[in-house]
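First up is the structure itself, then whatever we jot down about it.
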Amino acid sequence: MQIVKNIERMQKIADKLREEKKIIGFVPTMGYLHSGHLNLVKLAKEKSDIVVMSIYVNPTQFGPNEDFSKYPRNFERDEKLAKEEGVDIIFYPESMYKDNLTFVNVENITKLLCGESRPTHFRGVATIVSKLFNIVKPHLAVFGQKDAQQVAVIQKMIDDLNFDIKLVLSPIIREKDGLAISSRNVNLNEKDRKNATILVESLRFIKRQIDEGNTNLKELIEQAKKMIELTPNAKLDYYSVVSYPEIRKIDKLEKKTLIALAVYFGKVRLIDNMIIGE
Ligand code: AMP
Numbered sequence: 004m005q006i007v008k009n010i011e012r013m014q015k016i017a018d019k020l021r022e023e024k025k026i027i028g029f030v031p032t033m034g035y036l037h038s039g040h041l042n043l044v045k046l047a048k049e050k051s052d053i054v055v056m057s058i059y060v061n062p063t064q065f066g067p068n069e070d071f072s073k074y075p076r077n078f079e080r081d082e083k084l085a086k087e088e089g090v091d092i093i094f095y096p097e098s099m100y101k102d103n104l105t106f107v108n109v110e111n112i113t114k115l116l117c118g119e120s121r122p123t124h125f126r127g128v129a130t131i132v133s134k135l136f137n138i139v140k141p142h143l144a145v146f147g148q149k150d151a152q153q154v155a156v157i158q159k160m161i162d163d164l165n166f167d168i169k170l171v172l173s174p175i176i177r178e179k180d181g182l183a184i185s186s187r188n189v190n191l192n193e194k195d196r197k198n199a200t201i202l203v204e205s206l207r208f209i210k211r212q213i214d215e216g217n218t219n220l221k222e223l224i225e226q227a228k229k230m231i232e233l234t235p236n237a238k239l240d241y242y243s244v245v246s247y248p249e250i251r252k253i254d255k256l257e258k259k260t261l262i263a264l265a266v267y268f269g270k271v272r273l274i275d276n277m278i279i280g281e
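Taking this note's numbering, the leading residue of the sequence shown gets 4, the next gets one more, and so forth.
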């Protein structure tokens, strides 16, 4: 496994791989790897000859009072896990911005959900992913449904800006007790970690109700919100129902409906979601 830190060098390697007709699969991450990330690698390996993973905690997708400095980092650990999983190249840049004046803004679908509570977040995501696409030059890139709105944003950006890249989707990988795996989970104390399963439990409650024929979404969301409110130390950021991938507010089930929530436990912000009608 190769570790590349320099942007121009990564571009040269990508050019050479393309000349050799190798299919490049790309897994962008912020590191502190877990089995969610490793599942993306597995999918990338199935569909490509060379897997490039980027590890970069992107400052522009964090707001001024968010956890950029507290975001967990451990490159040695990541290196070992990536190697074991069969990653061929880790792109590990020190910095990706110098005097950037260009940003990528995907409109409308970034207004609700995480875009509402983190107004500059998706501009940071779309910008860094565009930059990484131009550096790694992949044929395909794998993203996780854990960040369902991000997937919608990246797919729209790919379409609108004509990136010749196929987006491959991974399902949400969960702990045994159902909690969606996230690098941020290590920042939860023991009690909060236990109580954090309320996110997936509330989603599963909604799913059961819908399967039983109760499709009054407004009422179901109210009940699910109560479940969060009754959980010690949990503070609801949002609990929303939107059409997918358009991210439009809806009050009835659509062909594809995204139910998504974000919850704070202390300073740790967790998200989870489910898509109905896949
Ligand atoms: P991150 O390092 O948190 O920015 O995540 C990098 C990629 O891994 C994104 O495409 C995420 O959606 C994906 N990812 C993170 N956690 C999970 C999970 N539990 N299941 C599936 N994909 C995930």
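C-beta: ideal position from N, C-alpha, C; glycine also. This one's a predicted model, so the numbers in the text were calculated from it and none came from an experiment.
C-beta contact flag for residue i and residue j at 7 Å
i, j, result
"Ile53", "Lys25", "yes"
"Val132", "Phe94", "no"
"Ile274", "Ala265", "yes"
"Asp195", "Asn236", "yes"
"Gln64", "Cys117", "no"
"Leu182", "Thr200", "yes"
"Arg187", "Val60", "no"
"Val244", "Arg251", "no"
"Gln148", "Leu172", "yes"
"Asp254", "Leu220", "yes"
"Ile184", "Met13", "no"
"Arg126", "Asn108", "yes"
"Asp91", "Gly34", "no"
"Val145", "Ala17", "no"
"Val156", "Thr113", "yes"
Any non-hydrogen atom of the ligand AMP within 6 Å of residue i CB
i, result
"Ile131", "no"
"Met33", "yes"
"Ser173", "yes"
"Ala151", "no"
"Lys183", "Per the sequence presented here, residue 183 reads as Ala, with Lys not at that position. At least one heavy atom of the ligand AMP is nearer than 6 Å to the Cβ of Ala183, so yes."
"Ile213", "no"
"Glu65", "According to the sequence displayed, residue 65 carries Phe and not Glu. No, since every heavy atom of the ligand AMP falls outside the 6 Å radius drawn around the Cβ of Phe65."
"His40", "yes"
"Ile58", "no"
"Ile278", "no"
Cβ-based burial, residue i [other Cβ within 10 Å; buried from 16]
i, result
"Glu11", "exposed"
"Tyr100", "exposed"
"Gly39", "buried"
"Ser51", "buried"
"Glu88", "buried"
"Asn276", "buried"
"Pro31", "buried"
"Ser98", "exposed"
"Val189", "exposed"
Reference residue i; option with closest CA among the options
i, options, result
"Val128", "Asp240, Gly66 and Lys252", "Gly66"
"Asn111", "Val30, Asp18, Tyr247 and Leu233", "Tyr247"
"Lys8", "Ile58, Ser120, Leu41 and Lys140", "Ile58"
"Asp240", "Ser120, Arg76, Lys15 and Lys86", "Ser120"
"Glu22", "Thr218, Thr105, Leu46 and Pro141", "Pro141"
"Thr123", "Asp162, Glu232, Gln5 and Glu69", "Glu69"
Cβ separation of residue i and residue j, assumed to be a contact under 8 Å, to the nearest whole Å
i, j, result
"Gly280", "Leu143", "That pair is no contact at about 25 Å."
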